[in-house]
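*Asks:* Residue numbers (the numbering used here), protein chains in the order written: chain B, 3 to 541; chain D, 245 to 639.
I have a structure here, written as structure tokens, and I will follow up with some questions on it.
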């Protein structure tokens, strides 16, 4: 096919690019996917950074992968296997802890230990969030209509949306409005009195954003996390066997089965535009490929500011893409461990001291450890970042994938994935090797407060700052969502007003990355909706 | 790990087939013997002893206790005398039922509310600005239910005095094996029966004394399987089985009002404002659109449907909590939420939600059954609740 013409070229084999390619190929298009790196997946890859130890290098849990994509691409037959990640333990500064388990009775008993009122509130909160996620779910699956447009299609779509909102009823509509505008801290204050519970819940409202739990708008990201739970029966939440790269491999497998070709180590340099129409792409080495349809899975900044010449785009569009917020705020530390960490708070005598229920270590280590001991801790982590440095005591979401899938590490040894915030891309003085390692030390030190044996257990360490994430995956400023999930960057504004429907100012050139609606997490919805747009199909 | 009740040392010791289930986060017996059959018959012929400690229990005390409870429940709490017990549901502001339970009045300003679901937050939310002390005593107070025709005799031996004066839905203080207990003339079986309330650390002494005094009278520890049949015979509803709490309903169709659950008699429309009053007053005027009724499945059709497959009628020995469609001609007019073969009445009975138009006693409907993997419909007749109502229930 070299230098030959195909129907569609997809730039970037991230999960959305692969989903888009699979749907186009499924519809009979001849599709070529061009990937810069030596493996598919973008930020959803598994790599053996330390020999024998497999790291889900960047993205580490699957939460929102759309059930229709799993079904329509038959991903289980291509290796999708999502294993449960069932609990979260949050160590507290005073030696106590808060645990949430998969079992309702167990979680209630644990919450009751902290606050009998919160134990009751937890169920009601869960139900409200279920309702909210249910309310937002149709929006996730729809092409965002442009409220400023008068086209019949937009008006019809807006009408559908309006009817849907009305059908929620007053109570739920008010709650949804609050959720869309409040800070997660304020929102949670309305429900709970236990600080460590609020801190842990609010943490999911800051993931991937440059906001603190007290920043307005952070409550929406909280909801983003509940959305995966609506399809609970599908079990789309958990840990992919073999690491996150397995999800990408499964989608790539589906795309290939439908006839798509995926070419690795083929970095695209620019999109070829002729008379306002894309006609193909040129690789960095000068090779050209022709196609009537070109789709970019890269983030909006990289897509429009690097791949397309500025003169091909309207200047107000370029200006708004430049302003699109991609401030990376998350880092990742991946560890190879000779032994399991032991949380001091989960030692049997300590559990007994606090009146908790004895739990074998193997059990809580199969779940997440959340380093979010207090609301102030999380907010202060943000304060550091706001003022230009990485958090001295970062918020961390820790999982031990080898406890869930023993194949991730040599027998008896383990891998640990630490998602940490905040590590601002624009750290004062910029990132260098020394600063990266200092950040890695801060992360390990912060964890060692609660798991003192962690330091002696480390036999390999990979520290990834937003600068590293950008360098390796190409995500601008290392933003894990290809652009913040802030209210001014969602729905018909993602990535820019007037261009939220996967089209671009260049005819035949489309976008399908997480920087388009609905974006965020290994969801695949952007890739699917882009493909359906290109194919002229309704979602 | 599930919690165990204060009686666990005794209940675990007599458990024969490891038939446990969970109730409100506790481990409780489904049946102690290999089959629940003898345990069921104890309820109706001698006395069955149930560990009902997992019930949620709240102590409500203080100057505004009556006012708070009157705001929450549908019955008129002001009419509840000290040493009286009231069965009552409670609703949300839409008049949809949240839960039901018993309200025990110990004194002028001293109550205990029992419930199937947690209600601590609901009590607090309604108590703002009131002088009232609310205490969750669910785990502090253990409780036993002694049910059956010989329950009075056994209890009289255990407390060393006559109980003839303790009327239906009244309570009294007593001493069993030196332990202070409260005895209420209540139960969940529709039979002569009592519930005994004690501090958790005293639980085993009370159990041992009741067993020892009851042995000559056939006292039989019984589990939830036996209780489930008895409560269906008695026409008593169960939260999460026969109705969904207004707090947990996902869609409006899952909501029920007390009127729709045959609890209209508990709604005291004329009392001071209470949760759901306006909606319930409207519903009282217009009549509920749904009704909870008894259904008796016709034995002859059952026999015929089985015979057509070459089989004799077979019915499950256990009560069923599977929702079953009920038809009026070709139209589905409702569903049964609990059904059981009554070993005593020798009738196949069910609790059903029906559109009110089809719910008149004597209405001939059809009840879906599966005979040898095939769906069939058996004739069923609407009947009044309860199915079983012996005079000794109120004696």
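C-beta atoms are modelled at their ideal positions from N, C-alpha and C, and glycine is treated no differently.
Small disclaimer: the values here were computed from a predicted structure and weren't measured.
Just the Cα atoms here: how many angstroms apart are residue 136(B) and residue 219(B)?
*Replies:* 19 Å
*Asks:* For residue 201(B), which residues of its own chain have a beta-carbon under 7 Å away from its beta-carbon, when the five flanking residues on both sides are left out?
*Replies:* 374, 375, 376, 377, 379 and 380
*Asks:* Should residue 346(D) and residue 502(D) be called a contact, given that it needs their Cβ atoms to be closer than 8 Å?
*Replies:* no
*Asks:* Using only the alpha-carbon positions, how far apart do residue 4(B) and residue 193(B) sit?
*Replies:* With a pLDDT of only 49 at residue 4(B), under 50, the local geometry of the prediction cannot be trusted, and no value is derived from it.
*Asks:* From the DSSP output, in three-state form, read off residue 264(D) for me.
*Replies:* strand
*Asks:* For residue 347(B), write down the residues that DSSP places opposite it in a beta bridge.
*Replies:* Note: residue 347(B) sits in no beta bridge, so no partner.
*Asks:* Please list, in chain order, the residues of the region 346–379 of chain D that have any C-beta partner in chain B closer than 8 Å.
*Replies:* 362, 363, 364, 365, 366 and 368
*Asks:* In the DSSP assignment, find the unbroken beta strand (DSSP E) run with residue 339(B) in it and report its ends.
*Replies:* Start and end: 332–339.
*Asks:* Can you tell which of 493(B), 359(B) and 423(B) has its C-alpha closest to the C-alpha of residue 480(B)?
*Replies:* The residue with the shortest Cα to Cα distance from residue 480(B) is 423(B).
*Asks:* Beta carbons nearer than 7 Å to chain B: which residues of the region 294–315 of chain D have them?
*Replies:* none
*Asks:* My output table needs one value for residue 576(D): the three-state DSSP class, helix, strand or coil.
*Replies:* Here residue 576(D) carries a strand assignment [DSSP, helix/strand/coil].
*Asks:* Under a CB-based cut-off of 8 Å, is residue 355(B) close to chain D?
*Replies:* no
*Asks:* Give a yes or no on contact between the region 487–500 of chain B and the region 509–519 of chain B, applying the rule of three or more CB pairs nearer than 8 Å.
*Replies:* yes
*Asks:* Does the beta carbon of residue 362(B) come closer than 8 Å to any beta carbon on chain D?
*Replies:* no
*Asks:* What are the residues in the region 99–120 of chain B lying within 8 Å of chain D by C-beta distance?
*Replies:* Residues of the region 99–120 of chain B with a C-beta atom less than 8 Å from some C-beta of chain D are 107, 108, 110, 111, 118 and 119, listed in chain order.
*Asks:* Could you tell me which chain D residues have their CB closer than 7 Å to the CB of residue 129(B), listed as they occur along the chain?
*Replies:* What residue 129(B) touches in chain D: 492.
*Asks:* In the region 125–153 of chain B, which residues sit with their C-beta less than 7 Å from some C-beta in chain D, listed in chain order?
*Replies:* 126 and 129
*Asks:* Does the region 451–464 of chain B come into contact with the region 340–360 of chain B, if we say contact requires no fewer than three beta-carbon pairs (one atom in each stretch) closer than 8 Å?
*Replies:* yes
*Asks:* Can you list, in chain order, the residues of the region 264–287 of chain D whose Cβ is nearer than 7 Å to any Cβ on chain B?
*Replies:* For the region 264–287 of chain D, the residues whose beta carbon sits under 7 Å from a beta carbon of chain B are, in order, 266 and 269.
*Asks:* Applying a beta-carbon distance threshold of less than 8 Å, which residues of chain D neighbour residue 359(B)?
*Replies:* 245
*Asks:* When you compare only the Cα positions, how much space is there between residue 635(D) and residue 370(D)?
*Replies:* 39 Å
*Asks:* Could you tell me whether the Cβ of residue 172(B) comes closer than 8 Å to any Cβ of chain D?
*Replies:* no
*Asks:* Compute the distance between the beta-carbons of residue 309(B) and residue 272(B), then report whether it is under 8 Å.
*Replies:* yes
*Asks:* Who are the Cβ neighbours of residue 614(D) in its own chain at under 8 Å, not counting the five residues just before and after it?
*Replies:* 620
*Asks:* Can the beta-carbon of residue 432(D) be found less than 8 Å from the beta-carbon of residue 363(D)?
*Replies:* no
*Asks:* Please state the DSSP three-state secondary structure of residue 480(D).
*Replies:* coil
*Asks:* Would residue 253(B) and residue 47(B) be called neighbours here (beta carbons separated by less than 8 Å)?
*Replies:* no
*Asks:* Is the beta carbon of residue 290(D) less than 8 Å from the beta carbon of residue 393(D)?
*Replies:* For residue 290(D) and residue 393(D), yes; Cβs fall inside 8 Å.
*Asks:* Taking residue 188(B) as the query, report the chain D residues whose CB atoms sit under 9 Å from its CB, ordered along the chain.
*Replies:* By Cβ distance, chain D contributes nothing, its closest Cβ being about 19 Å from residue 188(B), past 9 Å.
*Asks:* Please name the residue, chosen from 509(D), 293(D) and 258(D), that lies closest to residue 457(D) on a Cα-to-Cα basis.
*Replies:* Comparing alpha-carbon positions, the option among 509(D), 293(D) and 258(D) lying closest to residue 457(D) turns out to be 293(D).
*Asks:* Kindly indicate which three-state DSSP category residue 441(D) falls into: helix, strand or coil?
*Replies:* Looking at residue 441(D) - three-state DSSP - the assignment turns out to be strand.
*Asks:* For residue 573(D) and residue 623(D), what's the separation of their Cα atoms in angstroms?
*Replies:* Separation of residue 573(D) and residue 623(D) (C-alpha to C-alpha, rounded to the nearest whole angstrom) is 11 Å.
*Asks:* Could you tell me which residues DSSP pairs with residue 600(D) in its beta bridges?
*Replies:* BP columns for residue 600(D) are empty, so no partner.
*Asks:* Taking 8 Å as the CB-CB cut-off, is residue 3(B) touching chain D?
*Replies:* Caution applies to residue 3(B), whose pLDDT of 44 falls short of 50 and renders its modelled position unreliable; the model cannot decide the point.
*Asks:* Should residue 77(B) go down as buried or exposed, given a rule of 16 or more other Cβ atoms within 10 Å for buried?
*Replies:* It is buried - the Cβ of residue 77(B) has at least 16 other Cβ atoms within 10 Å.
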